[in-house]
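S.K.:
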Amino acid sequence: MAFTELNSVEHYIIHQISGVNLNSGKVADLNAGYGEQWVYQSADELARGVNEVLVESELKAALLRLNPEIQLHPELADEVIYKLRAILISVNQIGLVKANEEFFKWLSGEKTMPFGENNRHVPVRLLDFDDLSNNRYVATNQFRIHHRETKIPDIVLLINGIPVVVGEAKTPIRPSVSWLDGAHEIHTVYENAVPQLFVPNILSFATEGKELFYGAIRCPLEFWAPWRLESDSGDIAKSLGLAEIGKELTDLLKPARLLDILLNFSLFTTNKKKQRSKVIPRFQQYEGANKIVQRVIEGRIKKGLIWHFQGSGKSLLMVFAAQKLRRTTELKSPTVIVLVDRTDLDTQISGTFNAADVPNVETTDSISELQTLLERDTRKIIISMIHKFRDAKPNMNMRDNIIVLVDEAHRTQEGDLGRQMRAALPNAFLFGLTGTPVNRADKNTFWAFGAEEDQGGYLSRYTFHDSIRDEATLPLHFEPRLVDVHVDKESIDRAFAEFTEGAALTDEEADALNQRSAKMASFLKSPERVAKIVADIAVHFKEKVDPQGFKAMIVTPDRYACVQYKEELDKHFPAEASRVVISTSANDKFEFKQKWAVDKSAQEKIIDEFNDAHSDLKFIIVTAKLLTGFDAPILQTLYLDKSLKDHTLLQAICRTNRLYPHKTFGRIVDYFGVFDDAAKALEFDEESVKQVITNISELRGKLPQAMSETLAHFSGVDRTQKGFEGLEAAQNAINTNEKKDAFALDFKYLAKLWESLSPDNILDLYSQDYKWLAQVYESVKPAADNIGKLLWLSLGAQTTQLIHENIHVGDVHVLEEYVLDADVIEDIFNHPDPKKIKQLEKLLIKRFQIHADYPVFKKLSERLEELRDKAEKGLISSIEFVKELCKIAKETVQAEKELAEALQDKTPQAALTELFLELKTDQTPAVVERIVADIDAIVRVVRFPGWQHSTSGEREVQKSLRKALLKYQLHKDQVLFDRAYAYIKEYY
9 MAFTELNSVE HYIIHQISGV NLNSGKVADL NAGYGEQWVY QSADELARGV NEVLVESELK
69 AALLRLNPEI QLHPELADEV IYKLRAILIS VNQIGLVKAN EEFFKWLSGE KTMPFGENNR
129 HVPVRLLDFD DLSNNRYVAT NQFRIHHRET KIPDIVLLIN GIPVVVGEAK TPIRPSVSWL
189 DGAHEIHTVY ENAVPQLFVP NILSFATEGK ELFYGAIRCP LEFWAPWRLE SDSGDIAKSL
249 GLAEIGKELT DLLKPARLLD ILLNFSLFTT NKKKQRSKVI PRFQQYEGAN KIVQRVIEGR
309 IKKGLIWHFQ GSGKSLLMVF AAQKLRRTTE LKSPTVIVLV DRTDLDTQIS GTFNAADVPN
369 VETTDSISEL QTLLERDTRK IIISMIHKFR DAKPNMNMRD NIIVLVDEAH RTQEGDLGRQ
429 MRAALPNAFL FGLTGTPVNR ADKNTFWAFG AEEDQGGYLS RYTFHDSIRD EATLPLHFEP
489 RLVDVHVDKE SIDRAFAEFT EGAALTDEEA DALNQRSAKM ASFLKSPERV AKIVADIAVH
549 FKEKVDPQGF KAMIVTPDRY ACVQYKEELD KHFPAEASRV VISTSANDKF EFKQKWAVDK
609 SAQEKIIDEF NDAHSDLKFI IVTAKLLTGF DAPILQTLYL DKSLKDHTLL QAICRTNRLY
669 PHKTFGRIVD YFGVFDDAAK ALEFDEESVK QVITNISELR GKLPQAMSET LAHFSGVDRT
729 QKGFEGLEAA QNAINTNEKK DAFALDFKYL AKLWESLSPD NILDLYSQDY KWLAQVYESV
789 KPAADNIGKL LWLSLGAQTT QLIHENIHVG DVHVLEEYVL DADVIEDIFN HPDPKKIKQL
849 EKLLIKRFQI HADYPVFKKL SERLEELRDK AEKGLISSIE FVKELCKIAK ETVQAEKELA
909 EALQDKTPQA ALTELFLELK TDQTPAVVER IVADIDAIVR VVRFPGWQHS TSGEREVQKS
969 LRKALLKYQL HKDQVLFDRA YAYIKEYY
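Counting the sequence shown from 1 gives a position; the working numbering is that position plus 8.
1. Inspect the CB distances between the region 106-116 and the region 152-163 and report whether three or more fall short of 8 Å.
2. Put Asn29 into one of helix, strand or coil per three-state DSSP.
3. If you check the beta carbons only, do Arg876 and Ile896 fall under 8 Å apart?
4. With distance defined between alpha-carbon atoms, name the residue in Val538, Gln293, Phe137 and Ala297 nearest to Asp478.
5. At a cut of 8 Å, does the region 466-486 reach the region 314-328 through at least three beta carbon pairs?
6. To the nearest angstrom, how far is it from the Cα of His192 to the Cα of Thr386?
7. How would you call Ser525, buried or exposed, if buried means at least 16 neighbouring beta carbons within 10 angstroms?
8. Would you check if the distance between the CB atom of Lys289 and the CB atom of Phe328 is smaller than 8 Å?
9. Going straight from the alpha carbon of Asn143 to that of Leu266, what length do you get?
10. Taking the Cβ atom as the reference point for each residue, do Ser787 and Leu735 lie within a distance shorter than 8 Å?
11. Would you kindly work out how many angstroms separate the C-alpha atoms of Gln283 and Ala363, rounded to a whole number?
12. Keeping to the same chain, check which residues put their C-beta closer than 6 Å to that of Thr645; ignore five residues upstream and five downstream.
13. Taking the beta strand (DSSP E) that His316 belongs to, which residues open and close that run?
14. Since Phe123 and Glu77 are thought to touch, with beta carbons under 8 Å apart, how far apart are those beta carbons, to the nearest angstrom?
15. Evaluate the contact criterion for the region 659-679 versus the region 482-489: three or more CB pairs, one atom per stretch, below 8 Å.
16. On the premise that Ile411 lies in contact with Ala436, defined as a C-beta separation below 8 Å, what is that separation, rounded to the nearest angstrom?
17. Does DSSP classify Gln699 as helix, strand or coil?
18. For Ile163, count the other beta carbons within 10 Å of its own beta carbon; 16 or more makes it buried, fewer makes it exposed. Which is it?
19. Can the beta-carbon of Phe137 be found less than 8 Å from the beta-carbon of Leu271?
20. Under the three-state reduction of DSSP, which class applies to Asn200: helix, strand or coil?
21. Indicate whether at least one CB of chain B lies closer than 8 Å to the CB of Lys286.
22. Would you list the one or two residues that DSSP bridges to Met121?
23. Rounded to the nearest angstrom, what separates Ser775 and Asp726 at their Cα positions?
24. Output the boundary residues of the beta strand (DSSP E) element that contains Glu176.
25. What is the rounded straight-line gap between the Cα of Leu711 and the Cα of Leu771?
26. According to DSSP, Lys286 sits in a beta bridge with which residue or residues?
27. Is the beta carbon of Ile590 less than 8 Å from the beta carbon of Lys633?
28. Comparing alpha-carbon positions, which option in Phe397, Ser534, Glu612 and Ile642 lies nearest Pro555?
29. Quick one: any contact between the region 575-588 and the region 712-720, if contact means 3 or more CB pairs under 8 Å?
30. Taking 8 Å as the threshold, find out whether the region 400-415 comes into contact with the region 377-384 through three or more Cβ pairs.
31. Put Asn522 into one of helix, strand or coil per three-state DSSP.
32. Comparing C-alpha positions only, which one of Thr337, Lys340 and Asp373 sits nearest to Lys346?
33. Can you give me the Cβ contacts of Arg970 inside the same chain, cut-off strictly under 6 Å, excluding the 5 residues immediately before and after it?
34. Would you check if the region 216-229 and the region 185-201 touch, i.e. whether three or more CB-CB distances between them fall below 8 Å?
35. What's the gap between the Cα of Ile210 and the Cα of Arg56?
36. Give the secondary structure of Met326 by DSSP, where H, G and I count as helix, E and B as strand, and everything else as coil.
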């Protein structure tokens with residue numbers, strides 16, 4: 009039996025979660041220790057119509073089972089179901105996220121109805137979160153549902169008749185098909201075609217049997233995440249293949265897990281544009297938050313250190329942990345204190361809490377206020393700043409259900425903050441979170457947070473390696489630059505010796521440092537050096553960063569250097585393209601403060617503008633501000649001209665590793681020479697930090713092999729052959745799905761390398777070959793209606809630009825010889841060319857065969873036969889032959905024109921097909937059909953009634969036609985374009 013997505017992956021999922029083998033019809037016993045079980049029911053067995061989302065009989069039974077008031081008056085169940093139906097219907101008016109949020113309130117038991125005595129409002133329970141055996145768990149497949157159209161998701165999981173999970177399985181045996189195809193189907197097709205199905209949704213998942221990814225409703229595909237398993241050793245096991253995917257699936261889809269995600273790990277947040285979105289946890293956030301909660305419930309160990317790499321979502325982890333701690337009944341309404349380092353981090357964390365509408369959050373920035381809150385025994389989530397504990401009194405509160413979450417915990421090494429915290433809250437739980445690996449030498453941090461019982465000192469660990477593997481963050485590419493003069497490392501180290509390694513310097517401290525090493529500062533800020541660096545930044549940014557829609561940050565030695573860089577940058581870019589973000593002090597000159605001071609609200613506006621892809625602001629220039637806690641996913645490149653060490657260096661370079669559409673890596677251009685320090689900063693945990701920074705020189709070494717492997721798909725193909733014939737030869741070399749997939753895989757890797765290296769000089773050596781490959785790739789790419797293919801989703805912006813700028817496979821001369829109209833005939837008549845004459849002769853014969861049923865063409869055919877006969881017998885000169893041939897050709901064109909007018913009712917596609925049959929030989933049938941199909945598909949999308957009489961309509965159709973022809977290297981053929989356009993205008 010052949011493998012299909014149905015019999016392999018989809019049936020495997022059903023078998024894993026319910027024990028039913030749909031391929032054989034047998035039922036296996038599942039692991040008894042697994043907890044609540046999914047029971048398989050075929051879609052036909054569910055008591056619902058194709059238009060219904062809920063299995064109402066199941067839901068009604070659950071309402072009676074879980075609500076004593078409804079049990080007394082069963083008709084009340086219908087009132088609840090009526091309300092739920094109203095939310096399902098409202099999705100078209102209020103949108104999917106708001107409808108899901110409204111339904112979520114019912115699912116989580118927040119909603120009340122006047123069902124009690126004397127119409128007292130009582131909570132209505134749709135699900136039982138306390139005794140999970142009171143719920144009924146059903147798994148089904150091929151779940152047919154109709155709204156605007158009928159869709160059939162592969163897997164649907166229902167709890168008490170409510171569909172809470174939708175899954176899509178894809179074939180495991182084609183390399184170009186991946187989980188992304190399934191996710192695309194859910195996110196782009198199902199969520200829009202049948203949105204009601206997703207109103208009660210907890211999560212959706214997709215897999216092709218190799219990888220499993222999941223996401224919330226309306227979650228862009230780049231933010232879907234894998235689910236991982238923790239092995240016994242505490243490391244996260246990398247899973248590959250059906251058996252491992254089965255373990256991940258059963259773990260993610262355990263009823264207990266899903267209900268936990270629903271109740272404690274689902275957030276609805278609002279962004280600055282007032283758009284609502286749903287957030288569910290990534291694996292590491294779920295696992296980290298639950299470890300904190302579990303430790304507090306057990307109550308034995310009073311601390312824990314959590315290292316999750318920069319950019320992997322620590323702010324959300326804290327929100328999830330705080331929310332679940334507050335909801336956990338056995339903790340008796342605890343107080344959760346979130347301590348952040350510095351004001352910029354304060355904005356980020358409190359912003360995350362506020363955006364997610366977490367209830368009972370209070371922010372305070374004074375120790376006396378914090379003390380008052382604790383003395384009054386406030387039971388809330390309190391956000392404050394860590395350095396406030398410097399003034400804390402011992403025994404501020406003796407309660408043991410106070411939980412302190414400290415962000416950027418490594419900073420506690422500044423002084424004895426850890427001890428002061430422990431003294432102020434002697435019975436509290438202290439959890440430290442850090443994004444940088446904590447060295448064993450950081451004794452204070454380990455003393456404050458590390459528990460001896462935890463392996464390696466960490467309660468939870470999520471390394472750089474893990475975050476890149478799971479696509480939670482992006483890899484970093486480092487470009488060391490050498491500015492003419494080499495920096496004397498020893499003098500720098502001497503200048504920095506007085507400062508603690510890794511201390512986060514404030515702007516003022518940075519200035520003070522530069523005053524202590526005046527020689528170094530004057531060297532770094534010499535106008536000639538700054539001018540050279542800025543000129544290099546301008547070229548680099550225009551070539552590598554700006555064309556892809558990304559932005560950049562420049563880190564300078566001190567505040568005055570920020571101003572210097574800004575003035576220099578204004579010579580290359582408009583003034584509004586860059587902003588300086590620094591703090592000013594009381595000792596600064598009035599003019600300096602007036603011009604450069606940035607207060608908190610101005611800084612927020614600058615950050616908002618920077619995050620807006622359409623704004624003019626391209627650069628932020630800083631020295632110490634925004635190097636930590638600054639979240640701008642659009643920031644892709646950091647230009648670094650400052651000595652940074654350890655944690656500060658790592659936090660700074662990780663500003664660039666956040667996910668953003670079409671961004672494949674973060675880039676650091678190093679003018680100072682901190683590359684070695686960057687490597688050192690990551691060597692705290694040699695086992696887990698295998699590869700953090702991909703050095704550009706390493707990528708250079710990989711290019712030749714990647715190029716030769718991609719070219720190997722076209723062995724024996726003449727790459728110098730121009731035009732349509734050259735393209736056809738290339739396409740014939742990869743003429744099966746398997747060969748196309750293999751080529752696509754190799755080209756995708758090559759394109760990523762190319763984009764990372766561009767515009768490095770090494771690319772010049774391979775430029776011709778790459779252009780050729782890029783054009784072949786473009787020509788075999790699936791048509792616009794097959795957007796879901798993984799291998800075609802991630803073509804680098806650089807490659808696309810290159811293709812469009814360099815369509816030079818050659819002018820399509822061959823094609824001109826196949827096109828027949830007055831100009832071509834005239835050209836042959838005036839410039840007799842044996843090759844063209846032969847082509848014209850062949851073409852006429854072909855035309856006469858096509859129109860063999862019409863008498864006029866029969867006569868013309870006989871005349872041609874006669875003419876060829878005379879020529880072969882030498883009865884006429886070659887000039888006479890050409891003249892007569894052209895005369896027949898002209899009459900053929902005229903006859904075709906008259907015939908076309910007589911066939912006004914011909915279908916558009918048939919008309920186009922006929923036009924393109926001129927190109928058709930035995931070898932090229934598929935190509936002709938694809939050209940016609942592409943044009944037909946594109947034109948049908950862009951046209952509208954009366955487009956022929958509207959300038960914009962004509963322009964759109966012409967643009968679409970040119971685009972379709974471009975794919976086949978036919979866009980420069982004006983004659984073909986004009987003829988095709990005339991057909992479209994007539995028939996569409």
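Just so you know, even glycine gets a beta-carbon here, dropped at the ideal spot from N, CA and C. Every value quoted in this text rests on a predicted model; they were computed, and no experiment measured them.
M.R.: Result, derived from the coordinates:
1. Two segments are said to touch when three or more pairs of C-beta atoms, one from each, lie closer than 8 Å; by this definition the region 106-116 does not touch the region 152-163.
2. In the structure shown, Asn29 sits in a strand (DSSP, three-state: E or B).
3. Taking 8 Å as the cut-off, the beta carbon of Arg876 is found no closer than this to the beta carbon of Ile896.
4. The option with the nearest alpha carbon to Asp478 is Gln293.
5. Cβ pair count under 8 Å is three or more, so yes.
6. Going from the Cα of His192 to the Cα of Thr386 covers about 46 Å.
7. Its pLDDT being 39, under 50, Ser525 is placed unreliably in this model, and the coordinates cannot settle the point.
8. Reading off the sequence, residue 289 comes out as Pro, not Lys. Remark: C-beta atoms of Pro289 and Phe328 approach each other more closely than 8 Å.
9. If I take the Cα positions, the gap works out to 13 Å.
10. Yes.
11. Rounded to the nearest angstrom, the two C-alpha atoms are 11 Å apart.
12. Here the set comprises Val553, Ala560 and Arg675.
13. Note, His316: beta strand (DSSP E), Lys311 to His316.
14. That pair is a contact at about 4 Å.
15. With a cut-off of 8 Å, the region 482-489 and the region 659-679 count as touching, because enough Cβ pairs lie within range.
16. About 7 Å; that satisfies the 8 Å criterion.
17. Any reading at Gln699 must be qualified, since the residue scores a pLDDT of 37, below 50, and its modelled position is unreliable; the value itself is stated next. Of the three classes helix, strand and coil, the one that applies to Gln699 here is coil, per DSSP.
18. By the neighbour-count rule (16 or more Cβ atoms within 10 Å), Ile163 is buried.
19. Using a Cβ distance threshold of 8 Å, Phe137 and Leu271 count as a contacting pair.
20. The DSSP-derived three-state label of Asn200 is helix.
21. Going by chain labels, chain B is absent from the structure shown, which holds only one protein chain.
22. Answer by DSSP bridge pairing, in chain order: Val130.
23. In this structure, the straight-line span from the alpha carbon of Ser775 to that of Asp726 is close to 17 Å.
24. Per DSSP, Glu176 is one residue of the beta strand (DSSP E) stretching across Ile170 to Ala177.
25. Distance between Leu711 and Leu771, taken at the CA atoms: about 9 Å.
26. Lys286 is bridged by DSSP to Phe276.
27. Result yes, Cβ atoms of Ile590 and Lys633 sit closer than 8 Å.
28. The residue among Phe397, Ser534, Glu612 and Ile642 with its C-alpha nearest the C-alpha of Pro555 is Ile642.
29. Taking 8 Å as the limit for Cβ pairs, the verdict is that the region 712-720 does not touch the region 575-588.
30. Proximity of the region 400-415 to the region 377-384 meets the contact definition, three or more beta-carbon pairs being nearer than 8 Å.
31. For Asn522, the predicted model reports a pLDDT of 45, less than 50, meaning its position is unreliable; a value from the coordinates is still stated below. The DSSP-derived three-state label of Asn522 is helix.
32. It should be pointed out that residue 346 corresponds to Val in this sequence rather than to Lys. Taking Val346 as reference, the option from Thr337, Lys340 and Asp373 with the minimal CA-CA separation is Asp373.
33. Within its own chain, the residues whose Cβ lies closer than 6 Å to the Cβ of Arg970, once the five positions on either side in sequence are excluded, are His979, listed in chain order.
34. Output reads yes: the region 216-229 touches the region 185-201.
35. When rounded, the distance between both Cα atoms is 21 Å.
36. Helix, per DSSP.
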